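In what follows, a single structure is set out as structure tokens and then discussed.
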Amino acid sequence: MNDFAYRTGIGYDIHRLTEGRKLFIGGVEIPYIKGLLGHSDADALLHAICDALLGAAGAGDIGEHFPDTDQKYADISSAELLREVVNLVKAKGYHIGNVDTIVIAEEPKLLPFKKKIQDRIAEILGVEAGCVNIKAKTNEGLDEVGDKNAVACFATVLVIRDA
Ligand code: MG
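Shown next as structure tokens:
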């Protein structure tokens, strides 16, 4: 890995919405009739941020670090995974500049939860809330996300080499 002063990363994730699961988005439990299906708590937003940070660190992807075949990660809080990724970025001599995200969900409406999600992610990352941005949108009724069968998330990050 080079030692550029700045590095960026991009992350994407999608999880299926299903009944009988709690819904976690950005480390916040959101009241809804369905939750995201996955090996961990299936928090697609935190997974996208993990992948963006791993990309910025030149460290592969979330599946390599936390295989879904490993029982250690069954139903784990994705906040724990993200904390591990933050430590990896720090170990490489970088700190987080900012994180920008998009959550695409037809339901539930996320506007009332955006501030809580922003604060929670900032807390996990160990940065000020102003370094984290959440954009919530629908898929305009199109495709599986639009049919309320899935939630998809994108994240991009900037990391800065420590002085
Ligand atoms: Mg995932």
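Our numbering puts the first residue of the sequence shown at 2, with every later residue one more than the last. Backbone N, C-alpha and C fix where the C-beta goes; we use that ideal spot for every residue, glycine too. As the structure is a prediction and not an experimental result, all values here were calculated from the model.
As the crow flies, the alpha-carbon of Glu-141 is around 11 Å from that of Glu-108.
Non-local beta-carbon contacts of Glu-145 in its own chain, meaning distances under 7 Å to residues more than five positions away in sequence, involve Ala-151 in chain order. Residue environment for Thr-70: exposed (fewer than 16 other C-beta atoms within 10 angstroms of its C-beta). The residue among Asp-163, Asp-14 and Leu-143 with its C-alpha nearest the C-alpha of Asp-62 is Asp-14.
Counting C-beta pairs with one atom in each stretch, the region 31–43 and the region 126–137 have fewer than three that are closer than 8 Å, which means they do not touch. Of Cys-51, Val-160, Ala-164 and Lys-149, the smallest CA-CA separation from Thr-19 is found for Lys-149.
For His-16, the enclosing beta strand (DSSP E) has its first and last residue at 7–20. Of the heavy atoms belonging to ligand 1, at least one sits nearer than 7 Å to the Cβ of His-48. Counting along the chain, the unbroken alpha helix (DSSP H) around Glu-65 starts and ends at 63–66. Around the beta carbon of Phe-5, fewer than 16 other beta carbons sit within 10 angstroms, so the residue counts as exposed.
Going by C-alpha positions, Phe-67 is about 7 Å away from Tyr-74. For Thr-102, DSSP records a beta bridge to Ile-135 and Ala-156.
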